Amino acid sequence: MKATPGRLARRKRAWLARGLGAAVLIASCFLVAAVTGAQEDAASADSPPPLQVWLPAPLISDESGDAFQLLSEHTAAFSSSNEIEIEYRIKDVGNVGGILSTIRAGKDVAPAALPDVALIRRRDFTPAQARQYLQSMETLFSTSLINDLDDGLEFGQIPLEAGSALYGLPYLFDILLAVHSQPLETPGFRLTFEDVISNEAAFLFPAARANGLNQTFYLQYLAAGGLKPSEGVMSVNEEALGAVLKFYEDLFQLGLVAPEVLTYQSPAAYQSEFINRTDRSQLAVFSASEFLAMVDQQDAALKPAQVPTADGGGPSIRDGWLWVLVTSDLSRQTLTARYLEWMMEPGFHADFARALYHLPTQPALLDDSLPPAVDRQFFVDLLAKATLPLPENEGGTAPRLMQEALINVLHGDATAAQATSQVLSQLSER
2 MKATPGRLAR RKRAWLARGL GAAVLIASCF LVAAVTGAQE DAASADSPPP LQVWLPAPLI
62 SDESGDAFQL LSEHTAAFSS SNEIEIEYRI KDVGNVGGIL STIRAGKDVA PAALPDVALI
122 RRRDFTPAQA RQYLQSMETL FSTSLINDLD DGLEFGQIPL EAGSALYGLP YLFDILLAVH
182 SQPLETPGFR LTFEDVISNE AAFLFPAARA NGLNQTFYLQ YLAAGGLKPS EGVMSVNEEA
242 LGAVLKFYED LFQLGLVAPE VLTYQSPAAY QSEFINRTDR SQLAVFSASE FLAMVDQQDA
302 ALKPAQVPTA DGGGPSIRDG WLWVLVTSDL SRQTLTARYL EWMMEPGFHA DFARALYHLP
362 TQPALLDDSL PPAVDRQFFV DLLAKATLPL PENEGGTAPR LMQEALINVL HGDATAAQAT
422 SQVLSQLSER
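First residue of the sequence shown: 2, per my numbering; consecutive thereafter.
Now the structure itself:
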């Protein structure tokens with residue numbers, strides 16, 4: 002059929018109508034997509050970026066382990082109730098690429114790549130680094146939490162011109178102690194130098210120290226009357242130094258300590274030997290976390306004691322882990338404080354400390370964090386008399402000279418009296 006002008010006009014109007022409808026439909030789709038996108042952007046703007054948390058590999062290295070699973074479950078509850086995600090990153094400590102070295106390197110050049118908060122070793126927490134790279138926590142936490150920490154709060158404080166300020170939230174304690182696998186004639190937990198010698202117990206301890214004095218010797222020196230460093234400088238008490246060096250001279254002459262201890266960076270170097278050797282009495286220095294792990298994992302009758310000192314009953318060294326604040330953004334600091342309060346929830350804190358074989362920094366939780374077979378009062382007493390570790394490079398020249406004196410005695414190159422005299426002579430020449 003031939004198309005007439007009227008029929009052609011009607012077809013043209015129909016095509017135009019269909020085209021207009023399609024255009025309207027397409028425009029509507031774009032409008033819906035734009036509105037939806039705007040809504041999603043608005044929702045995204047209302048939700049803060051995930052809280053970035055760095056964890057230390059020496060403490061939590063396995064995401065499939067019980068401790069990390071416990072942490073994940075507790076974190077999920079926090080994220081749900083606070084509408085913020087938590088992202089964990091496990092990093093090394095003490096090396097290039099470790100937690101603190103990365104914070105130092107990235108503070109000015111890549112601050113966006115740094116965490117909001119990190120868990121670090123107390124021995125790496127120095128006033129100078131805290132002031133330069135970390136943020137104060139002084140007013141962030143509830144009064145109830147501060148009260149729950151009690152005397153442990155000083156673990157995270159640094160001195161300022163007008164008193165002290167909180168730059169680290171104490172989280173887990175680890176203290177120095179001695180362990181023996183065979184009964185000693187001396188009852189109780191207090192050991193003197195004479196007790197070790199009379200029991201003819203081989204003495205193992207991590208005597209290596211790259212820069213400064215090893216912690217066992219430092220503890221024994223303090224117990225003998227030595228003083229802690231003051232304003233970064235450590236003085237030498239001749240009588241205290243001589244008494245501790247005499248103990249090691251006696252051990253060396255009796256064959257109860259070997260020069261190899263000077264190569265031991267940590268108790269891991271002798272742990273297997275200590276557990277498996279049963280032909281002689283032994284006394285070895287471990288941390289509380291290492292002792293609690295051995296009690297849980299080893300089929301051996303291990304007994305704790307204080308590190309032997311000149312008169313027994315000396316102090317312990319209290320190390321451990323604390324949370325530090327990295328972000329300078331005030332809103333992120335508020336979120337971080339809320340997260341850390343959640344991490345200090347008593348039930349979780351006790352369970353988490355126990356899973357990591359550490360002691361919680363809240364004293365009231367100690368019972369719940371220890372295995373039933375362990376004497377609670379022993380740890381209470383150790384914590385009460387514990388002092389902070391001597392940081393690497395802290396104390397000036399004296400700690401290095403005292404370490405050299407110990408090396409000379411354990412190599413048989415000098416008596417205790419000679420080594421003490423050499424230290425005093427070298428200090429007087431400086």
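Ideal Cβ placement from N, Cα and C applies to all residues, glycine included. Since the structure is predicted, the reported quantities are computational estimates derived from the model, not experimental observations.
Please list, in chain order, all residues of the same chain as Trp55 whose beta carbon is under 6 Å from its beta carbon, the five residues on each side excluded.
Arg90, Lys92, Ile100, Pro116 and Ala119
Pull up the DSSP beta-bridge partners for Tyr134, would you.
Tyr134 pairs with nothing; no bridge assigned.
What is the rounded straight-line gap between the Cα of Asn409 and the Cα of Asp109?
Asn409 and Asp109 have their C-alpha atoms some 45 Å from each other.
Would you mind working out which of Ile276, Phe353 and Lys386 sits nearest Ser370, comparing C-alpha positions?
Phe353
Assigned exposure category for Ala301 - 16 Cβ within 10 Å defines buried:
exposed
Enumerate in chain order the residues of its own chain whose CB-to-CB distance from Ser80 is below 7 Å, with the five nearest sequence positions on each side excluded.
Glu86 and Ile87
Which residue wins for smallest C-alpha separation from Pro160, given the options Leu402, Thr127 and Ala289?
Thr127
Run through DSSP, which three-state label would Pro400 get?
helix
Which of helix, strand or coil DSSP assigns to Lys386:
coil
Could you check which residue in Gly98, Tyr168 and Val237 has the C-alpha nearest to that of Leu428?
Val237
Contact belief for Leu246 with Leu366 at Cβ below 8 Å, rounded distance in angstroms:
Contact check for Leu246 and Leu366: beta-carbon distance about 40 Å, past the 8 Å limit, so the pair fails to qualify.
How should Val258 be labelled, buried or exposed, when 16 other C-beta atoms within 10 angstroms of its C-beta is the threshold for buried?
buried
Could you say if the region 380 to 400 and the region 206 to 221 meet the contact criterion of at least three C-beta pairs nearer than 8 Å?
yes
Would the region 216 to 229 count as touching the region 410 to 419 if we require 3 or more Cβ pairs under 8 Å?
no
Hey, is the region 378 to 389 in contact with the region 165 to 183, meaning 3+ C-beta pairs nearer than 8 Å?
Result yes; three or more Cβ-Cβ pairs closer than 8 Å.
Short Cβ contact (8 Å threshold) for Leu135 with Val327
yes
Could I get the ranges of all uninterrupted alpha helix (DSSP H) runs contained in the region 41 to 128, with 4 residues as the minimum, in chain order?
67 to 83 and 100 to 110
Beta strand (DSSP E) segments (min. 3 residues) lying fully within the region 193 to 275
203 to 205
Roughly how many whole angstroms lie between the Cα atoms of Pro347 and Gly313?
34 Å
Distance, Val97 Cα to Glu41 Cα
Because Glu41 carries a pLDDT of 43, less than 50, the predicted location of this residue cannot be relied on, and no value is offered for it.
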